[in-house]
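Below is one structure; the comments refer to it alone.
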Amino acid sequence: MLGGLGGAAKYEARVGVKGDATAGMPAQSMGHLAVIALILLGNVLYVVNKKKAGAR
Numbered sequence: 032m033l034g035g036l037g038g039a040a041k042y043e044a045r046v047g048v049k050g051d052a053t054a055g056m057p058a059q060s061m062g063h064l065a066v067i068a069l070i071l072l073g074n075v076l077y078v079v080n081k082k083k084a085g086a087r
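Just add 31 to the spot in the sequence shown (first one is 1) and you have my numbering.
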């Protein structure tokens with residue numbers, strides 16, 4: 032069994048066929064980067080707000 036889109040894209044590369052999985056990988060990668068960026072932004076805002084609350 033293949034594990035999701037990444038596994039399917041690896042399989043397509045292995046057999047030499049570029050299909051839907053290979054075409055979908057850039058979108059999935061950008062989605063992951065967006066989620067990571069939002070998590071980092073949330074953490075930064077949390078720390079900034081925590082420092083502001085502690086300064087009162």
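C-beta atoms are modelled at their ideal positions from N, C-alpha and C, and glycine is treated no differently.
Just so you know, the alpha carbons of Ala68 and Val46 end up roughly 34 Å apart. For a cut-off of 8 Å, the C-beta gap from Ala52 to Ala40 is around 4 Å, short enough to register as a contact. Membership of Ala44 in the alpha helix (DSSP H) is indicated by the continuous run 35 to 46.
DSSP places Ala52 inside the alpha helix (DSSP H), whose first and last residues are 51 to 85.
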